[in-house]
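*Asks:* Take this structure first; my questions come after.
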Amino acid sequence: MFNINLYNEQLKILSDQINFSIIGLRITGNHIADGIHVHRHFNYIIRHTIIDYFNEFIERSSINSTVSISTSKPSQSSFRSQESNTLRIKKHNEKRKLKRQQYTIKRKLYNEWNLETIKKYLDKLEIRYAHIPRYYNYTLRIQFNNQDDHDLADNKLPINIFNEKNYKTFINNESS
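Everything in the sequence shown is counted per the working numbering, starting at 20 for the first residue and increasing by one.
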């Protein structure tokens, strides 16, 4: 029995050094049937020990995961220089701008419409737009992020949607 205890102590030290888990089965000489194997009447000891080990492991893991959430790993961009981040953001925005320009519709605009009113009106009509660039020559451009939003808006917004009549109707409804 001395050899077994010595072996178990050394195994515990090794598990701490190399970072692996061991399960301490509390098996005595009384539990051994033939000098080597655990008697079948005592199999529950092994089963319960393993279940208890995993329950404790899950508890420790959940405690560690809540700690690791609060001390989460910094994002990749935090390791980059300010110039590098600025350049990446600029490239990203340029790509988005080009993508939006692919999905653009144009509508004639009555001179009383302003950007704030246009956005409120589009929101009321449940139009999912990405960006509305500055309008000029009484032509409104509305940009979308994808083909589906573009097609839906193109069907919902007739050519004369931003005319004087619709403007006055919308303003009257807003004020009342």
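Think of the CB as a built atom: it goes at the ideal place given N, C-alpha and C, for glycine as much as any other residue.
#1: Give the secondary structure of R119 by DSSP, where H, G and I count as helix, E and B as strand, and everything else as coil.
#2: Taking the continuous beta strand (DSSP E) assigned at I161, which residues delimit it?
#3: Reducing DSSP to helix, strand and coil, say where I124 ends up.
#4: For H271, name the three-state secondary structure that DSSP assigns.
#5: For the segment 27 to 37 and the segment 47 to 67, state whether three or more C-beta atom pairs, one from each stretch, are separated by less than 8 angstroms.
#6: With the cut-off set at 8 angstroms, would you say L46 and V57 are in Cβ contact?
#7: Just checking, does the segment 105 to 112 make contact with the segment 128 to 148 on the three C-beta pairs under 8 angstroms criterion?
#8: Using the beta-carbon count (16 or more within 10 Å), is L159 buried or exposed?
#9: Would you please state the rounded distance, in angstroms, between the beta carbons of L128 and F181? I believe it to be under 8 angstroms.
#10: With a cut-off of 8 angstroms on the beta carbons, I'd call Y72 and I42 a contact; round off their distance for me.
#11: What are the boundary residues of the alpha helix (DSSP H) that includes D170?
*Replies:* Reading from the atomic positions:
#1: What you label residue 119 is simply residue 100 of the sequence shown in a count that begins at 1. In this structure, R119 counts as helix in the three-state DSSP scheme.
#2: The residue given as residue 161 occupies position 142 in the sequence shown. 158 to 162 is the span of the beta strand (DSSP E), which, as asked, contains I161.
#3: Reading the sequence shown from its first residue, position 105 is the one you call residue 124. Here I124 sits in strand by DSSP.
#4: The shown model of the chain, from 20 to 195, leaves out residue 271, and the question about it has no answer.
#5: Not touching, per the Cβ criterion.
#6: Your numbering for residue 46 matches position 27 in the sequence shown. Your numbering for residue 57 matches position 38 in the sequence shown. Inspection of the sequence shows that residue 46 is occupied by Ile rather than by Leu. A contact, by the Cβ cut-off of 8 angstroms.
#7: The segment 105 to 112 vs the segment 128 to 148: no contact.
#8: Within the sequence shown, the letter at position 140 stands for residue 159. Result: buried.
#9: Translated into positions along the sequence shown, residue 128 becomes position 109. Translated into positions along the sequence shown, residue 181 becomes position 162. Cβ-Cβ separation between L128 and F181: approximately 5 angstroms, consistent with a contact (criterion under 8 angstroms).
#10: Taking the sequence shown and counting its residues from 1, one reaches residue 72 at position 53. Taking the sequence shown and counting its residues from 1, one reaches residue 42 at position 23. Y72 to I42, Cβ: 5 angstroms. Contact.
#11: Your numbering for residue 170 matches position 151 in the sequence shown. For D170, the enclosing alpha helix (DSSP H) begins and ends at 166 to 175.
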